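Heads up, the sequence shown is in numbering that gives the first Met the number 0, so the first residue is 0 and it goes up one at a time. Every residue gets a Cβ at the ideal spot worked out from N, C-alpha and C, and that includes glycine. These figures come from a predicted structure and were not determined experimentally. Below: one structure, written as structure tokens.
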Amino acid sequence: MFEIVDKKAVMDIRERIAKGEHPRREILNFVREAPVGTIFEIHLPHRGEPLIASLQSLGMNVIVNEVEPMHFRLMAIKLDEIN
Numbered sequence: 000m001f002e003i004v005d006k007k008a009v010m011d012i013r014e015r016i017a018k019g020e021h022p023r024r025e026i027l028n029f030v031r032e033a034p035v036g037t038i039f040e041i042h043l044p045h046r047g048e049p050l051i052a053s054l055q056s057l058g059m060n061v062i063v064n065e066v067e068p069m070h071f072r073l074m075a076i077k078l079d080e081i082n
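So this is what it looks like as structure tokens:
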């Protein structure tokens, strides 16, 4: 579902969440499998605290920006392999 282009993965999951989907596990599996050095840009309709906490538990720092109402962007870089 997601792809990496030039070491960057942009995941806009706002529509999926609006449809009632919860792709957190899919995102985390993708992050685990991605190569070290990958930049992740994740777009959400809300702040996404559970996803932020999950990424942090994997050892990643997460930057959160509110782009506009109902549009948040999470940014993180995979610096190490994740087991």
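Could you name the residues that DSSP lists as bridge partners for residue 11? 42
Rounded to the nearest angstrom, what separates residue 41 and residue 13 at their Cα positions? 9 Å
Under 8 Å Cβ to Cβ from residue 101, same chain only, skipping five residues before and after it: list those, please. Nothing in the structure corresponds to residue 101, since the chain is present only between 0 and 82.
Under 8 Å by Cβ, that's how I've got residue 71 and residue 54 pegged, so tell me the actual separation to the nearest angstrom. Going by Cβ atoms, the distance from residue 71 to residue 54 rounds to 13 Å, so no, they are not a contact pair.
Is it true that the CB of residue 58 sits closer than 9 Å to the CB of residue 38? no
Using only the alpha-carbon positions, how far apart do residue 1 and residue 11 sit? 9 Å
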